[in-house]
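Trainee: Residue numbers (this note's numbering), protein chains in the order written: chain L, 1485 to 1734; chain D, 31 to 274. My questions all concern the structure below.
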């Protein structure tokens, strides 16, 4: 999916402290998981969409497209949850109002949670998230590996796209029998080239006196008290409204 | 540059992707699967920290392998049924890198997929790690070691196919545990989820097995030293025999 990475580097919140977005997305995610989905999920979905579209200036269409990615998963699993299977007296499927309600709740919760993930992904570049992981105690070598992986990813994607196009131009996937073979060749070529690339990087680094640590500069960004207060207030309001509507209905 | 480069990420209708999506599992289940995955991650991470301290240049190799694994899982598998699917790569990864390193590498790939591709999720990361980065690779590795004496090709095929199937079996169990059927309970849910996914998954597992055999054969033919560097198998002589 392209939209997320490009957008993450160019949205309005790009120069804010990533912790603020982490708190917003993480807090809403926890709320929607822990509180009953029916009042909470639509609320979270609306709040997150508004924050990302109005606040960070992410186009609504992009947000919606990213949100729609797991629809295939929902479309196969929700009916399975809604339908109930009778095994004791012969096998038959039935649709109960209870099952339908449960499927609706799960679907709503998943979509709302998805909006938190997508909201974070569309506003925060991977490197900021990786720097956050380092603060959370992920060991330094792993953080370096992840940074490098992010850097190499785009090279491999381009290589894969070109190789696939070349194969298709030479009738690589035309028949059913040929397809797995062509696909295997593509993967093998990608792997050998990735390893060769790693070796070249290794030589380059060794030539410059690589001693084991890959230090990167993380831009210093101050947490804004105003924005933190706004995020906390949002979380409290969403939690409060969800609990209040729950109290009223019961 | 955009990751959506035409062919890599297909149109989403009819896509089979078994990452459990964000927010799909109830909170208790999400927390429990995360707890299950933690010891494997800590063990694998310690191992990576240790080997990269001894040989810092392995960081580049691991990062390269991780980027490769990420792209591999975004490639479209040749389709059988018209819907499109992706290789899990668990078999190939386990054969090449070993299952304990695969746990960490797989977890990182899953995190990248969640953030960059919106496949999977943060709260369901633990559950997805258990199925795709722990059980799948261990099953694949076990099959590979067991079947290796019979023949390399067969061992690779079985490892990749059964690793793929094990991944989906675990996901099915995870979903059935989270959403037991109201009348027939866990067993009924297992039949429902398993039934749907078995239909689509068994042919795909076989294709992944075949593809992985092609990959390993290719690697043996053109780059035996890569395999040797990755610690593939105890006897490199076979490899040099073919390449010289």
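The beta-carbon is built from N, C-alpha and C at its ideal position, and this holds for glycine as well.
Let me know the beta strand (DSSP E) ranges lying completely inside the stretch 1556 to 1602 of chain L, each 3 residues or longer, listed in chain order.
Mentor: With a minimum length of 3 residues, the continuous beta strand (DSSP E) runs that stay inside the stretch 1556 to 1602 of chain L are 1567 to 1570 and 1576 to 1579.
Trainee: Would you check if there are 3 or more beta carbon pairs closer than 8 angstroms linking the stretch 149 to 158 of chain D to the stretch 213 to 225 of chain D?
Mentor: No: the two stretches stay apart, fewer than three of their Cβ pairs being nearer than 8 angstroms.
Trainee: Could you please tell me which residues of the stretch 139 to 152 of chain D, in chain order, have their CB closer than 9 angstroms to any CB of chain L?
Mentor: Cβ contacts with chain L come from 139, 141, 142, 144, 145, 146, 147, 148, 149, 150, 151 and 152.
Trainee: Taking Cβ-Cβ distances shorter than 9 angstroms, what residues in chain D pair up with residue 1711/L?
Mentor: Numbered from 1 along the first chain, position 227 holds the residue referred to as residue 1711/L. Those do not exist, as residue 1711/L stays about 22 angstroms from chain D at its closest Cβ, beyond 9 angstroms.
Trainee: Note down the Cα distance separating residue 1545/L from residue 1620/L, rounded to an integer number of angstroms.
Mentor: Indexing the first chain from 1 puts residue 1545/L at position 61. Indexing the first chain from 1 puts residue 1620/L at position 136. Each residue's alpha carbon lies about 33 angstroms from the other.
Trainee: Give me, in chain order, the residues of the same chain whose beta-carbon lies closer than 8 angstroms to that of residue 1567/L; leave out the 5 immediate sequence neighbours on both sides.
Mentor: Here the question's residue 1567/L lines up with position 83 in the first chain. Contacts found: 1577, 1578, 1579 and 1583.
Trainee: Could you name the residues of chain D that residue 1807/L contacts, counting a contact when the two beta carbons are closer than 9 angstroms?
Mentor: Outside the modelled stretch of chain L, which goes from 1485 to 1734, sits residue 1807/L, for which no answer is possible.
Trainee: Between the stretch 1644 to 1653 of chain L and the stretch 225 to 233 of chain D, do three or more beta carbon pairs fall short of 8 angstroms?
Mentor: Because the criterion of three Cβ pairs below 8 angstroms is not met, the stretch 1644 to 1653 of chain L and the stretch 225 to 233 of chain D do not touch.
Trainee: If you draw a straight line from the C-alpha of residue 1682/L to the C-alpha of residue 1638/L, how long is it?
Mentor: Along the first chain, read from residue 1 onward, the residue named residue 1682/L stands at position 198. Along the first chain, read from residue 1 onward, the residue named residue 1638/L stands at position 154. Approximately 14 angstroms, taken between the alpha carbons.
Trainee: Using a Cβ-Cβ distance under 9 angstroms, would residue 197/D count as near chain L?
Mentor: Here residue 197/D refers to the residue found at position 167 when the second chain is read from its first residue. No, no contact with chain L.
Trainee: Could you tell me if residue 1732/L is buried or exposed, where buried requires 16 or more neighbouring beta carbons within 10 angstroms of its beta carbon?
Mentor: Indexing the first chain from 1 puts residue 1732/L at position 248. By the 10 Å Cβ count, residue 1732/L comes out exposed.
Trainee: Cβ of residue 67/D less than 9 angstroms from any chain L Cβ?
Mentor: Walking along the second chain from the start, residue 67/D turns up at place 37. Residue 67/D does not count as touching chain L.
Trainee: What residue does the alpha helix (DSSP H) around residue 1681/L start on, and which one ends it?
Mentor: Position 197 of the first chain holds residue 1681/L. From DSSP, the alpha helix (DSSP H) with residue 1681/L extends over 1662 to 1691.
Trainee: With 9 angstroms set as the bound, which would you pick, yes or no: does the beta-carbon of residue 129/D sit closer than that to a beta-carbon of chain L?
Mentor: Translated into positions along the second chain, residue 129/D becomes position 99. No, no contact with chain L.
Trainee: Thinking residue 197/D and residue 244/D are a contact (beta carbons under 8 angstroms), I'd like their distance in whole angstroms, please.
Mentor: If you number the second chain from 1, residue 197/D lands on position 167. If you number the second chain from 1, residue 244/D lands on position 214. The Cβ separation is near 20 angstroms, so there is no contact.
Trainee: Please go through the same chain and pick out, in chain order, the residues whose beta-carbon is closer than 6 angstroms to the beta-carbon of residue 142/D, but skip the five residues on each side of it.
Mentor: Taking the first residue of the second chain as 1, we reach residue 142/D at position 112. Result list for residue 142/D: 100, in chain order.
Trainee: Can you list, in chain order, the residues of its chain whose CB lies under 7 angstroms from that of residue 1523/L, leaving out five sequence neighbours each side?
Mentor: Residue mapping note: residue 1523/L aligns to position 39 of the first chain, counting from 1. Cβ neighbours of residue 1523/L beyond the five flanking positions: 1726, 1729 and 1730.
Trainee: What does the alpha-carbon distance come out to for the pair residue 1595/L and residue 1618/L?
Mentor: Working through the first chain from its first residue, we reach residue 1595/L at position 111. Working through the first chain from its first residue, we reach residue 1618/L at position 134. Going by the C-alpha atoms only, they are around 29 angstroms apart.
Trainee: For residue 1615/L, I'd like the list of residues in its chain whose CB is within less than 6 angstroms of its CB, leaving aside the five on either flank, ordered along the chain.
Mentor: Along the first chain, one-based indexing puts residue 1615/L at 131. 1702, listed in sequence order.
Trainee: Kindly indicate which three-state DSSP category residue 107/D falls into: helix, strand or coil?
Mentor: Taking the first residue of the second chain as position 1, residue 107/D is located at position 77. Note: residue 107/D maps to strand in three-state DSSP.
Trainee: With DSSP run on the structure shown, which of helix, strand or coil describes residue 1494/L?
Mentor: For this step, residue 1494/L is matched to residue 10 along the first chain. In this structure, residue 1494/L counts as helix in the three-state DSSP scheme.
Trainee: DSSP three-state label for residue 211/D, please.
Mentor: One-based indexing of the second chain puts residue 211/D at position 181. Residue 211/D: strand per DSSP, three-state reduction.
Trainee: Please tell me whether residue 1572/L has its Cβ less than 9 angstroms away from any Cβ of chain D.
Mentor: On the first chain, position 88 is the one that residue 1572/L refers to. Yes, because at least one Cβ of chain D sits closer than 9 angstroms to the Cβ of residue 1572/L.
Trainee: What's the C-alpha gap between residue 1519/L and residue 1581/L?
Mentor: If you number the first chain from 1, residue 1519/L lands on position 35. If you number the first chain from 1, residue 1581/L lands on position 97. Each residue's Cα considered, the two are about 22 angstroms apart.
Trainee: Determine the DSSP secondary structure at residue 115/D, reduced to helix, strand or coil.
Mentor: The sequence position of residue 115/D within the second chain is 85, counting from 1. Correct three-state label for residue 115/D: strand.
Trainee: Quick check: what's the CA-CA separation for residue 1652/L versus residue 1693/L?
Mentor: Within the first chain, numbered from 1, the residue matching residue 1652/L stands at position 168. Within the first chain, numbered from 1, the residue matching residue 1693/L stands at position 209. Rounded to the nearest angstrom, the two C-alpha atoms are 43 angstroms apart.
Trainee: Under 9 angstroms, Cβ to Cβ, is there at least one residue of chain D near residue 1685/L?
Mentor: The residue labelled residue 1685/L in the question sits at position 201 within the first chain. Chain D, which has a Cβ nearer than 9 angstroms to the Cβ of residue 1685/L, makes this yes.
Trainee: So, for residue 119/D: in the same chain, excluding its five sequence neighbours on each side, which residues have a beta-carbon less than 8 angstroms away from its beta-carbon?
Mentor: Within the second chain, the letter at position 89 stands for residue 119/D. Cβ neighbours of residue 119/D beyond the five flanking positions: 99, 102 and 103.
Trainee: Are the stretch 1585 to 1604 of chain L and the stretch 1524 to 1544 of chain L touching by the rule of at least three beta carbon pairs closer than 8 angstroms?
Mentor: Yes: the two stretches touch, three or more of their Cβ pairs being nearer than 8 angstroms.
Trainee: Flag residue 213/D as yes if its beta-carbon sits less than 9 angstroms from any beta-carbon of chain L, otherwise no.
Mentor: Mapped onto the second chain, residue 213/D falls at position 183. Residue 213/D counts as touching chain L.
Trainee: Does the beta carbon of residue 121/D sit closer than 9 angstroms to a beta carbon anywhere in chain L?
Mentor: Sequence index remark: in the second chain, residue 121/D carries index 91 (1-based). Cβ-Cβ to chain L under 9 angstroms: no for residue 121/D.
Trainee: Hey, how far is the Cα of residue 1678/L from the Cα of residue 122/D?
Mentor: Translated into positions along the first chain, residue 1678/L becomes position 194. Translated into positions along the second chain, residue 122/D becomes position 92. C-alpha separation (whole angstroms): 15 angstroms.
Trainee: Could you say which of 1710/L, 1610/L, 1633/L and 1556/L lies nearest to residue 1488/L if we only look at CA atoms?
Mentor: In the first chain, residue 1488/L corresponds to position 4, counting from 1. The shortest Cα separation from residue 1488/L among 1710/L, 1610/L, 1633/L and 1556/L belongs to 1610/L.
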